[in-house]
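In the working numbering, the protein residues as written are 1 to 356. Even glycine gets a Cβ: it sits at the ideal position worked out from N, Cα and C. Here the structure is a predicted model, which means the values were calculated and not measured. Worksheet for the structure shown next.
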């Protein structure tokens, strides 16, 4: 009778609550992607970004003249484990994963002002991700989250005894409370497991992008503009607080600009090559992120970019972003970054089964 009551309570609570946690992973709070195309043009509040896990589709507007459309490929039929770079079984849960490489994010942007326009396309992908816990710790956490183990039962029973010392351990009421406590423990395990996956310890991303220049805003005058390839390493130690992190970025980029403005000839025929390197520090405090990035430029021109930025998550689908500082000097001799934008993103599916 006791086992029957225990099983019944577990089934009811799993149906009512745990389908979104112990059976399915909630992806609604996954990050909105950063635009690779905007990064190529240096026309964004933050050039140094990473995109390990991001929403399926997003729109980034740094201002009304820059609207980027971004989408991630090859996510359609993935399970929750596969989404985070694991296989289909618990044996394939590994701390280090290379499996996200085949799921790139593509972006496109049209940047237009009074005299010229740029169209840029970009692609970024994660090469390797290292999670916070060891492979065994993650595998054990996943198993405990998904299954009613003896250790979980003992833990729940001890908790019920401590809260209800006068309750008879052989009573049906005791079994009900144990079942509820077991479900609550599993819910917490599921939340922690998913949170650890959303914010890895270390990531290495690569990106490339290409742009076309339209002098005088005319299609017939189009010419190759910029092409660039770059890599970003992101290290994210946890701070005090449930969702507080310090993010440290290291960035390197090779850039060819085939349409630099020549003031003497009044045309866009100069050809420069650059190597950019720098870093960024960013603090994430739940829904607010603040940071600062510095990029040094070498090659056919010496310059630097020094920008502070802030981001506020209105909800899981809408972010507000802003940046202010010095940019690389443009063809029009302008170097001020002063931006306020909105980022919006959605998923095709906000929930996925952990396993098939």
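With C-beta atoms as the reference, is residue 42 less than 8 Å away from residue 58? Walking along the chain shown from the start, residue 42 turns up at place 42. Walking along the chain shown from the start, residue 58 turns up at place 58. The answer is no: Cβ separation not under 8 Å.
Is the beta carbon of residue 42 within less than 7 Å of some heavy atom of the ligand HEM?
-> In terms of ligand content, the structure shown is empty, and the ligand HEM therefore cannot be addressed.
**Between the CA atoms of residue 322 and residue 341 - distance to the nearest angstrom** = Walking along the chain shown from the start, residue 341 turns up at place 341. Walking along the chain shown from the start, residue 322 turns up at place 322. Residue 322 has its alpha-carbon roughly 6 Å from the corresponding atom of residue 341.
| query | Quick one, which of 262, 260 and 296 has its alpha-carbon nearest residue 277's? | reply | The count along the chain shown starts at 1 and reaches residue 277 at position 277. Selected option, being the one with the closest Cα: 296.
Checklist line | Cutoff 6 Å; reference residue 294; Cβ partners in own chain excluding five residues on either side | finding: Taking the chain shown and counting its residues from 1, one reaches residue 294 at position 294. Listed in chain order, the non-local C-beta contacts of residue 294 below 6 Å within the same chain comprise 278 and 306, local neighbours out to five positions each way being set aside.
Terminal residues of the alpha helix (DSSP H) in which residue 80 lies: Along the chain shown, read from residue 1 onward, the residue named residue 80 stands at position 80. It spans 80-83 - the alpha helix (DSSP H) in which residue 80 sits, taken as one unbroken run.
- [ ] Check whether the region 114-123 touches the region 131-140, taking contact to mean three or more Cβ pairs, one atom from each stretch, closer than 8 Å.
- [x] The region 114-123 vs the region 131-140: no contact.
Contacts around residue 95, its chain only, beta-carbon distance under 8 Å, and the 5 residues preceding and following it disregarded: Here residue 95 corresponds to residue number 95 of the chain shown, with the count starting at 1. Contacts found: 130, 131, 133, 134, 135 and 138.
- Does DSSP put residue 103 in a helix, a strand or coil? For this step, residue 103 is matched to residue 103 along the chain shown. The answer is coil: DSSP assigns residue 103 none of H, G, I, E or B.
Exercise for the section: Going by CA-CA distance only, name the one from 255, 259 and 261 that's closest to residue 298. Expected result: The residue you call residue 298 lines up with position 298 of the chain shown. The candidate whose alpha carbon is nearest that of residue 298 is 255.
Beta carbon of residue 271 nearer than 8 Å to that of residue 223: Within the chain shown, the letter at position 271 stands for residue 271. Within the chain shown, the letter at position 223 stands for residue 223. No; because the gap between Cβ atoms is not below 8 Å, this pair is not in contact.
Between residue 66 and chain B, is there a C-beta pair that is closer than 8 Å? No chain B appears in this structure, which consists of one protein chain only.
Straight-line CA distance for residue 91 to residue 352?
Start at 1 with the first residue of the chain shown, and residue 91 comes out as number 91. Start at 1 with the first residue of the chain shown, and residue 352 comes out as number 352. Going from the Cα of residue 91 to the Cα of residue 352 covers about 19 Å.
Open item on the list: Can you find the residues in the same chain that come closer than 8 Å, C-beta to C-beta, to residue 18, ignoring five residues on each side of it along the sequence?
Closed with: Within the chain shown, numbered from 1, the residue matching residue 18 stands at position 18. Since pLDDT at residue 18 reaches only 36, below the 50 mark, its modelled position is unreliable, and the value read off the structure follows with that caveat. If we look at residue 18 and ignore the five residues flanking it on each side, its Cβ neighbours are 183, 186, 187 and 190.
Notebook entry, point to check: Roughly how many angstroms separate the alpha carbons of residue 66 and residue 112, rounded to a whole number?
Noted result: Mapped onto the chain shown, residue 66 falls at position 66. Mapped onto the chain shown, residue 112 falls at position 112. Their Cα atoms are separated by approximately 7 Å.
| field | Length-filtered (4 minimum) alpha helix (DSSP H) runs lying within the region 205-293 | value | none
### Message
How far does the beta strand (DSSP E) with residue 36 in it extend, from its first residue to its last?
### Response
As a position in the chain shown, residue 36 is number 36, starting the count at 1. Looking at the DSSP string, residue 36 is not in any beta strand (DSSP E); the run it does join, the alpha helix (DSSP H), is 36-40.
- Query: Taking the alpha-carbon positions, what's the residue 172 to residue 160 distance?
  - Reply: The sequence position of residue 172 within the chain shown is 172, counting from 1. The sequence position of residue 160 within the chain shown is 160, counting from 1. Approximately 13 Å, taken between the alpha carbons.
For residue 157, which residues from the same chain have a beta carbon less than 7 Å from its beta carbon, with the 5 sequence-adjacent residues on both sides left out? If you number the chain shown from 1, residue 157 lands on position 157. Counting only Cβ-Cβ distances below 7 Å, and skipping sequence neighbours, we find 178.
- Item | Nearest-angstrom Cα separation, counted from residue 144 out to residue 155 | Residue mapping note: residue 155 aligns to position 155 of the chain shown, counting from 1. Residue mapping note: residue 144 aligns to position 144 of the chain shown, counting from 1. Between the alpha carbons of residue 155 and residue 144 lies a gap of roughly 12 Å.
**Asked** Where does the unbroken alpha helix (DSSP H) through residue 186 begin, and where does it stop?
**Response** Reading the chain shown from its first residue, position 186 is the one you call residue 186. From DSSP, the alpha helix (DSSP H) with residue 186 extends over 172-198.
**Asked** With a Cβ-Cβ cutoff of 8 Å, do residue 228 and residue 40 count as a contact?
**Response** The residue labelled residue 228 in the question sits at position 228 within the chain shown. The residue labelled residue 40 in the question sits at position 40 within the chain shown. A contact, by the Cβ cut-off of 8 Å.
- Cβ neighbours of residue 151 in the same chain (closer than 8 Å, five flanking residues each side left out): Your numbering for residue 151 matches position 151 in the chain shown. Within the same chain, residue 151 has close Cβ partners 144.
(message) Is the separation between the beta-carbon of residue 125 and that of residue 206 shorter than 8 Å?
(response) Within the chain shown, residue 125 is the residue found at index 125, counting from 1. Within the chain shown, residue 206 is the residue found at index 206, counting from 1. Less than 8 Å divides the Cβ of residue 125 from the Cβ of residue 206.
Exercise for review: Could you check what DSSP says for residue 352 in three-state terms: helix, strand or coil?
Suggested key: Here residue 352 is taken as the residue at index 352 of the chain shown, counted from 1. Three-state DSSP puts residue 352 in a strand.
When the distance is taken between beta carbons, is residue 27 closer than 8 Å to residue 68? Counting from 1 along the chain shown, the entry for residue 68 is found at position 68. Counting from 1 along the chain shown, the entry for residue 27 is found at position 27. Contact: no.
Quick one: Cα of residue 356 to Cα of residue 56, how far? By one-based count along the chain shown, residue 356 stands at place 356. By one-based count along the chain shown, residue 56 stands at place 56. Their backbone Cα atoms lie some 21 Å apart in a straight line.
Contact check, residue 141 vs residue 213, beta carbons under 8 Å | Numbered from 1 along the chain shown, position 141 holds the residue referred to as residue 141. Numbered from 1 along the chain shown, position 213 holds the residue referred to as residue 213. Taking 8 Å as the Cβ cut-off, residue 141 and residue 213 do not qualify as a contacting pair.
### Query
Comparing alpha-carbon positions, which option in 82, 317 and 281 lies nearest residue 237?
As a working note, residue 237 is residue 237 in the chain shown. Of the listed residues, the one whose Cα sits closest to residue 237 is 281.
#### Entry: Boundaries (first-last residue) of the beta strand (DSSP E) holding residue 304
Here residue 304 corresponds to residue number 304 of the chain shown, with the count starting at 1. Counting along the chain, the beta strand (DSSP E) containing residue 304 begins and ends at 303-313.
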